[in-house]
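Below is one structure, written out as structure tokens; comments come after it.
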Amino acid sequence: MLLSRHTAIPDNTIHSLLARRSQAVNATGTASNGSSGTASYVGYVSDPNGRGTTSLVLSCLLTLILCVWSALHLNVPARRRSIIQVFWLNIRWIFAGIYAPELVVFVAWRQWCSARMLQQHILHLHADAKERGDDRSSETTHSDLPPWTMAHSFFACAGGFAIELESLSGGVLDQSHLSDGDNGEKTESPRLTLTARGVMLLASSGFVPRVTKAEIEDKSKANDLAKATVIVQATWMLVQVIGRLAAHLPVTLLEVNTVAHVLCAFAMYVFWWDKPLLPNEPIILRDESLAPLVAFMYASSEISGHVKHKQKNVKSQTFIKTLFANLNLYSTTPELETLCLLRPREDSEGGETAKGEAEDIVKHPNLASVTQFPGSVQRAPPSCLRPLEKTRQKEQGTAFFERRPRVISHQDQTAEDPAPSDMSRWSLIQQAFQKYPDLLLRNRILLSHSVGEHSSCLHLRPEQLVATHIPNWPSNDLLRSVNGLIVGMILWLANLCYGGFHAAAWNDHFPSVPEKWLWRASSSYIGFCGGFWVVLNSAVARWPALNAFWEKWMDGEKSLAQSIGLGVIVFTCGFSLMLARMYVVVEAFISIRELPAAAYDTPDWTDLFPHF
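Encoded structure:
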């Protein structure tokens, strides 16, 4: 075993080493702290002045995505849609929100108008019931119903209420029309989604869904706090741009485009604040006593406008209208329009039954002469079709995408014997007329005339009351209190504002001269199209002959030269508008490659507020 040997160190040597170490430490401290020789400490250090390209782009992108994605409040999706299908539906609408945000604002405004009308109608029914002191309407009385709020109305307009009636599953309704899935799969039981008009009809007939606001909010994917968070971020972007303008700092085209989306998002939130966000499933209403009413609602709606092999029973004189009908841009002809209410001659007070009787029925609420006759609901005789086609005109001022094309011929339904399910459904419709006489008041008389041995043949104007699901784009399922031309003017006015906002960047810096003039031309053209159609809609409202000219062109009643010439003009203008919209979005991003140096400066006060 080896032992280490220690050598003793003198005391004076130890003191010398310690002194040298102390001198070395002092020298290091002096070098690191400068000439002062004392250590310095800091508590808060601000970011470097200005901003970088990455922070600029990320801030705008984050705000853009939040404004578009979070502000979108889509309707209840169709039944049996997969998660992937719902995802792509959202992606398409997000793209629409980026490409044309004012169109989404228009959608929100239309839905808000419809929800407000439904809200006012149901509250009026509640007030009338309390004033009468009679809750006679149904098992669900007005007095014990939960308060009906705007959330209820929005949920109803979004397809939040559906009906499943087992009594109708035995062939009374043609279940081939009720396959909600995109792959055509049939549902386990027939389900009809109520439109806003359908919910209003149910309420008028005494059936109001017993649903609390909490139940509806449970189906929403967001609450007021989540919405407020997005609004704060969007507000910060708006305040920041205003601050840059006040400090005379450049505002980039990307910020201009983002602020346009921020303003549109504010408008969406104002209109959609009470609407549930992304509900997946409707609330199912089950009541066997509704069978007659639902049979009528089905026949009155476009879902009944089918024949065998799922072909739509509508034809038009032009390829455009026929194509739109098959794309569901135009509605089809509901079954109710091919039916009639027949009254035997011996029950008539005699003589003629023509247009005068129909006008009296429409003008006066006394419907006893119509509802208390031993008539029947039948398929309209062939002799009715031609006068019906001549009589059924588009509603004055109806919005473009809420029209049905003028029908040349119904598919040969009259030549076929009615199926047992048809007879059962018509019997239920007749019961509905007897039980709910107001149905004849709600649906204006389309045509009243004499047919053969019958002194009175009444045709009713249909309404869109039920569907497989409610589309997100406004259609004739929504309620409205204004003329369709006014609706169109609001849409084009939003387009005018969008173009004008981008034209405000007229003198901004552009990487090249062609880009500058393309931006000016695109923004001006977008605004011009909006302004032109606002003026045109106003002119059509004042001079209906202009609308008649347009309709004749759409119906193919103009000469070949006029049809081709106007068609080329419409296509060129529409395609140019698409390109102009696309350019302002693309240019907003590619212009980042060359910006004034001052574009990266920031006002000093912006550093005081935390933000993304």
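Take the sequence shown: its letter number 358 is residue 357 in numbering that gives the first Met the number 0, and every next letter is one higher. Glycine residues also receive a C-beta, built at the ideal position from the N, C-alpha and C atoms. All of these numbers come straight from a predicted model, not from anything done at the bench.
Inset, instruction - Locate the beta strand (DSSP E) running through Q377, then write down its first and last residues. - result: 375-378
Legend entry - Between the CA atoms of P419 and I489 - distance to the nearest angstrom: Rounded to whole angstroms, I489 to P419 spans 47 Å at the Cα level.
Inset, instruction - Can you say whether G529 is buried or exposed, counting buried as having 16 or more other CB atoms within 10 angstroms of its CB? - result: buried
Legend entry - Assigned secondary structure, A504 (DSSP; H/G/I helix, E/B strand, else coil): DSSP places A504 in coil when its eight states are reduced to three.
Inset, instruction - Using alpha carbons as the reference points, say which of R80, V103, G242 lies closest to W472. - result: V103
Legend entry - Sufficient close CB pairs (3 or more, under 8 Å) joining the region 285-295 to the region 198-206: yes
Legend entry - Where S81 falls: helix, strand or coil (DSSP): Coil.
Legend entry - Counterpart residues of T192 in DSSP-defined beta bridges: Per DSSP, A161, A466.
Inset, instruction - Taking I302 as part of the alpha helix (DSSP H), name the residues at either end of that continuous run. - result: For I302, no alpha helix (DSSP H) encloses it, and the DSSP letter there is neither H nor E.
Inset, instruction - Just confirm the distance between the C-beta atoms of L63 and I90, as a whole number of angstroms; I'd bet it's less than 8 Å. - result: Incorrect: roughly 15 Å between the Cβ atoms, too far for contact.
Inset, instruction - Inspect the beta-carbon positions of A493 and E163 and report whether they are closer than 7 Å. - result: no
Legend entry - Expected contact under 8 Å - CB spacing of S537 and W552 to nearest Å: Incorrect: roughly 20 Å between the Cβ atoms, too far for contact.
Inset, instruction - Measure from the alpha carbon of P602 to the alpha carbon of each residue in C112, V240, R78, then state which is nearest. - result: V240
Legend entry - Collapsed DSSP secondary structure at S590 in the structure displayed: helix
Legend entry - From D507, P333, I568, P275, residue whose alpha carbon lies closest to that of T148: P275
Inset, instruction - Decide if N506 is buried, meaning its Cβ has at least 16 other Cβ atoms within 10 Å, or exposed. - result: exposed
Legend entry - Reference F588, options L144, T53, L252, E514, closest by Cα: Sorting L144, T53, L252, E514 by C-alpha distance to the C-alpha of F588 places L252 at the top.
Legend entry - Q119, buried or exposed, once every other Cβ within 10 Å from all chains shown has been counted against 16: exposed
Legend entry - Reduced DSSP category for L438 - H, G, I as helix; E, B as strand; rest coil: In this structure, DSSP gives L438 a helical state, which the three-state scheme calls helix.
Inset, instruction - Report all residues from its chain with a CB closer than 6 Å to the CB of C156; omit the five preceding and five following residues, and keep chain order. - result: Scanning its chain for C-beta atoms nearer than 6 Å, with the 5 sequence neighbours on each side dropped, one finds around C156 the residues Q110, S113, A114, A195, in chain order.
Legend entry - C-beta atoms of W272 and H72 nearer than 7 Å: no
Inset, instruction - Identify every residue that forms a DSSP beta bridge with H448. - result: Within the DSSP secondary-structure output, H448 pairs in a beta bridge with C456.
Legend entry - T192 vs A161 beta-carbon contact at 7 Å: yes
Legend entry - Same chain only: Cβ atoms within 6 Å of K354, ignoring 5 sequence neighbours per side: The predicted model places K354 with a pLDDT of 38, which falls under 50 and marks its position as unreliable, so this point remains unresolved.
Inset, instruction - Give me whichever residues DSSP pairs with L65 in a beta bridge. - result: None, per the DSSP bridge assignment.
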